[in-house]
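Chemist: One structure is given below, represented as structure tokens, and several questions about it will come after.
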Amino acid sequence: MSAPAPPPAPPEDAPHPPPAPLPVTPTHADLLRVFAGVAMVGIGGGLPAHMRRAALGRAWMTELDFAESYTLAQLTPGPNAVNLAAMIGARLRGWTGALWAVVGVLTPGLIAMLAVTVVTLGLPGGLPAPLQSGLRGAACAALAVMLTAALPVLRVVGGLRGGWVLALATFAGIGLLRLDLLPVLAVVVGAGLILHRPRPEQPERP
Amino acid sequence: MTDAGADWLDILLTFTRLGLISFGGANLAEIERVLVGQRHWITPGTLASGFALGQIMPGPNMLAMTHYGFAAGGWAGAAAATLGFYGPTALLSAAAALAWRRLLGWKWLPTIRSALLPFGGGVLLAGVLVLTRGSVQNVAGAVIAAAAFALLTRTRVNAALVVIGAAVLGALIGL
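Top to bottom, those sequences are chains A and B.
Heads up: the first sequence at position 157 corresponds to 157 in full-length UniProt numbering, and the numbers run straight through without jumps.
Heads up: the second sequence at position 139 corresponds to 139 in full-length UniProt numbering, and the numbers run straight through without jumps.
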């Protein structure tokens, strides 16, 4: 393109492009396909890590968007990975986006699980010993996958005022002391709200 | 199948409750209390093998709930358990995400986010602890978990391959 041509003028009646909060917006079919793909590579867990890679890699979301959705998915009750799929889908395409993302993330596993269930629950005495051992090995690796998914969130937490203290207090209350979740939520989030309350004299945090 | 005749509506409501009281993953202790102890829908063996199967299924590892639902009430039970456990919470999540987006620009939003993130991180760590208790039962298991973590953080190897490799290793050494 050596001869510089003037850029084509937009048609007179062209609507103003809406301000796009995200560089790329997926279609419903994209959501179904990508989340089914995430489910299939996410054998053994680690789904949030795969969703992060899928969403950030396609420029559907930023790192901060993802960290926010991830935290919200932890806060809403229920299975994290499905909640996260519903949230990402909803963020990108509203209610129907959430539906297609959830259907996508569940379908491959449902088919596989039902197939295995019909066979194994039919076995008298349950699974054979080598298969049990194999499943235990897989579970140990699944733990490692989950830990790698937690690291990006913990990095974000580390950058917040009081972040580590509040995260460790939550861990101690829920994980070690087995306290009820709601009182821990009230104390930790209450403390966080006080720590981070809007102050007019401060410049806004990015 | 300890009781293949459980009513699907009963299964739906029971699993809906289990989904709604699970935070940061599944509340396995409560699942055990209700499904094994209270309702006698599954045995402790079914609980354990279903959970392990969930770990190697594509998708969320709590697909074990579908397994438990099938044990409780056959195909209708599997459908009811899946719908009950995943449906209402997914709906809540989508609603939360949509409400969150409408609040953009509100001056308390960064505050709430900064308050919620450490809580989310802590719940996540607690979930890792519960999972550790459930899956790492001896030194060999800990070694497999540590090796998998090192592989996943230092190389670009596919996570599914790591999990399948660990399954083969577990079967070979009789973990």
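We put the beta carbon where it would ideally sit given N, CA and C, even for glycine.
Consider the Cβ of B:G69: report whether some Cβ of chain A lies at a distance smaller than 7 Å.
Modeler: For this step, residue 69 of chain B is matched to residue 69 along the second sequence. Chain A, which has no Cβ nearer than 7 Å to the Cβ of B:G69, makes this no.
Chemist: With a 10 Å radius around its C-beta and 16 neighbouring C-beta atoms as the bar for buried, classify A:I88 as buried or exposed.
Modeler: Here residue 88 of chain A refers to the residue found at position 88 of the first sequence. It counts as buried.
Chemist: Is it true that the CB of B:A6 sits closer than 7 Å to the CB of B:G73?
Modeler: The residue you call residue 73 of chain B lines up with position 73 of the second sequence. The residue you call residue 6 of chain B lines up with position 6 of the second sequence. Yes.
Chemist: Could you tell me which whole alpha helix (DSSP H) segments of length 4 or greater appear in the segment 86-155 of chain B?
Modeler: Segments of the alpha helix (DSSP H) lying fully in the segment 86-155 of chain B: 109-135 and 139-154.
Chemist: Please return the same chain residues whose Cβ sits closer than 7 Å to the Cβ of A:L135, not counting the five positions on each side in sequence.
Modeler: Residue mapping note: residue 135 of chain A aligns to position 135 of the first sequence, counting from 1. Nothing meets the Cβ criterion.
Chemist: According to DSSP, simplified to helix, strand and coil, what is B:W8?
Modeler: The residue labelled residue 8 of chain B in the question sits at position 8 within the second sequence. Reduced to three states, the DSSP call for B:W8 is helix.
Chemist: What is the rounded straight-line gap between the Cα of A:A101 and the Cα of B:A147?
Modeler: The sequence position of residue 101 of chain A within the first sequence is 101, counting from 1. The sequence position of residue 147 of chain B within the second sequence is 147, counting from 1. For A:A101 and B:A147, the distance between alpha carbons rounds to 32 Å.
Chemist: For chain A, check one thing: does any of its Cβ atoms lie closer than 7 Å to the Cβ of B:V34?
Modeler: The sequence position of residue 34 of chain B within the second sequence is 34, counting from 1. Answer no: the Cβ-Cβ gap between B:V34 and chain A never drops below 7 Å.
Chemist: Distance check for A:V165 and A:G190, CA to CA, integer angstroms please.
Modeler: As a first step, residue 190 of chain A is located in the first sequence; it is residue number 190 there, counting from the start. As a first step, residue 165 of chain A is located in the first sequence; it is residue number 165 there, counting from the start. Each residue's alpha carbon lies about 13 Å from the other.
Chemist: Taking 7 Å as the CB-CB cut-off, is A:H196 touching chain B?
Modeler: Here residue 196 of chain A is taken as the residue at index 196 of the first sequence, counted from 1. Yes, contact with chain B.
Chemist: Would A:H28 count as contacting chain B if we go by Cβ distances under 7 Å?
Modeler: Here residue 28 of chain A refers to the residue found at position 28 when the first sequence is read from its first residue. No, no contact with chain B.
Chemist: I believe B:A167 touches A:A138 by the beta-carbon criterion, under 8 Å. Please report the beta-carbon distance rounded to the nearest angstrom.
Modeler: Stepping through the second sequence from its first residue, residue 167 of chain B is reached at position 167. Stepping through the first sequence from its first residue, residue 138 of chain A is reached at position 138. Between A:A138 and B:A167 the Cβ distance is about 4 Å, and since that is below 8 Å, they are a contact.
Chemist: Under 7 Å between C-beta atoms, does B:F149 make it to chain A?
Modeler: Taking the second sequence and counting its residues from 1, the one referred to as residue 149 of chain B is at position 149. Yes, because at least one Cβ of chain A sits closer than 7 Å to the Cβ of B:F149.
Chemist: Could you spell out where the alpha helix (DSSP H) holding B:I164 opens and where it closes?
Modeler: Working through the second sequence from its first residue, we reach residue 164 of chain B at position 164. A159 to I173 is the extent of the alpha helix (DSSP H) around B:I164.
Chemist: Quick one: residues in its chain with C-beta nearer than 6 Å to the C-beta of B:S49, no 5 flanking neighbours on either side, listed in chain order?
Modeler: Position 49 of the second sequence holds residue 49 of chain B. Excluding sequence neighbours, B:S49 sits near nothing in its chain.
Chemist: In whole angstroms, give me the CA-to-CA distance for B:G54 and B:P60.
Modeler: In the second sequence, residue 54 of chain B corresponds to position 54, counting from 1. In the second sequence, residue 60 of chain B corresponds to position 60, counting from 1. Using only the alpha carbons, I get a separation of about 7 Å.
Chemist: Please go through the segment 36-108 of chain A and give each complete alpha helix (DSSP H) segment of 4 or more residues, from N-terminal end onward.
Modeler: Those alpha helix (DSSP H) runs which fall completely within the segment 36-108 of chain A and span 4+ residues are 47-57 and 63-75.
Chemist: Could you compute how far the alpha carbon of B:A95 sits from the alpha carbon of A:V24?
Modeler: Stepping through the second sequence from its first residue, residue 95 of chain B is reached at position 95. Stepping through the first sequence from its first residue, residue 24 of chain A is reached at position 24. Computed Cα separation, rounded: 22 Å.
Chemist: Of the choices B:S22, B:Q38, B:M57 and B:F51, whose alpha-carbon is the least far from that of B:A159?
Modeler: Within the second sequence, the letter at position 159 stands for residue 159 of chain B. Answer by Cα proximity: B:M57.
Chemist: With a CB to CB cut of under 7 Å and the five nearest residues on each side skipped, what residues in its chain are close to B:E30?
Modeler: In the second sequence, the residue the question calls residue 30 of chain B occupies position 30. Contacts found: L18 and I21.
Chemist: Does B:I56 get closer than 7 Å to chain A when you measure Cβ to Cβ?
Modeler: To locate residue 56 of chain B, count along the second sequence from 1; it is residue 56. By this cut-off, B:I56 is an interface position.
Chemist: Do B:F119 and A:T170 have their beta-carbon atoms positioned less than 7 Å apart in this structure?
Modeler: The residue labelled residue 170 of chain A in the question sits at position 170 within the first sequence. The residue labelled residue 119 of chain B in the question sits at position 119 within the second sequence. Yes, Cβ-Cβ distance for A:T170 and B:F119 is below 7 Å.
Chemist: Taking a cut of 7 Å between CB atoms, which residues from the segment 95-119 of chain A lie near chain B?
Modeler: Listed by position, the residues of the segment 95-119 of chain A near chain B (Cβ gap below 7 Å) are W95, A98, V102, V105, L106, P108, G109, L110, A112, M113, L114, V116 and T117.
Chemist: Around the Cβ of B:H40, are there at least 16 other Cβ atoms within 10 angstroms (buried) or fewer (exposed)?
Modeler: Taking the second sequence and counting its residues from 1, the one referred to as residue 40 of chain B is at position 40. Answer is exposed; the Cβ neighbour count stays below 16.
Chemist: Suppose the cutoff is 6 Å on Cβ atoms and the five residues either side in sequence are ignored; what does the same chain contact list for B:L13 look like?
Modeler: As a position in the second sequence, residue 13 of chain B is number 13, starting the count at 1. Within the same chain, B:L13 has no close Cβ partners at all.
Chemist: Determine the burial state of A:R52: buried for a count of at least 16 other Cβ atoms within 10 Å of its Cβ, exposed for fewer.
Modeler: Here residue 52 of chain A is taken as the residue at index 52 of the first sequence, counted from 1. Result: buried.
Chemist: Cα separation between B:I11 and B:F85?
Modeler: Stepping through the second sequence from its first residue, residue 11 of chain B is reached at position 11. Stepping through the second sequence from its first residue, residue 85 of chain B is reached at position 85. C-alpha separation (whole angstroms): 10 Å.
Chemist: For the alpha helix (DSSP H) containing B:I42, list its first residue and its last residue.
Modeler: In the second sequence, the residue the question calls residue 42 of chain B occupies position 42. Looking at the DSSP string, B:I42 is not in any alpha helix (DSSP H), and its letter there is neither H nor E.
Chemist: Note down, in chain order, every chain A residue with its Cβ under 7 Å from the Cβ of B:R113.
Modeler: Locating residue 113 of chain B in the second sequence gives position 113, counting from the first residue. E68, listed in chain order.
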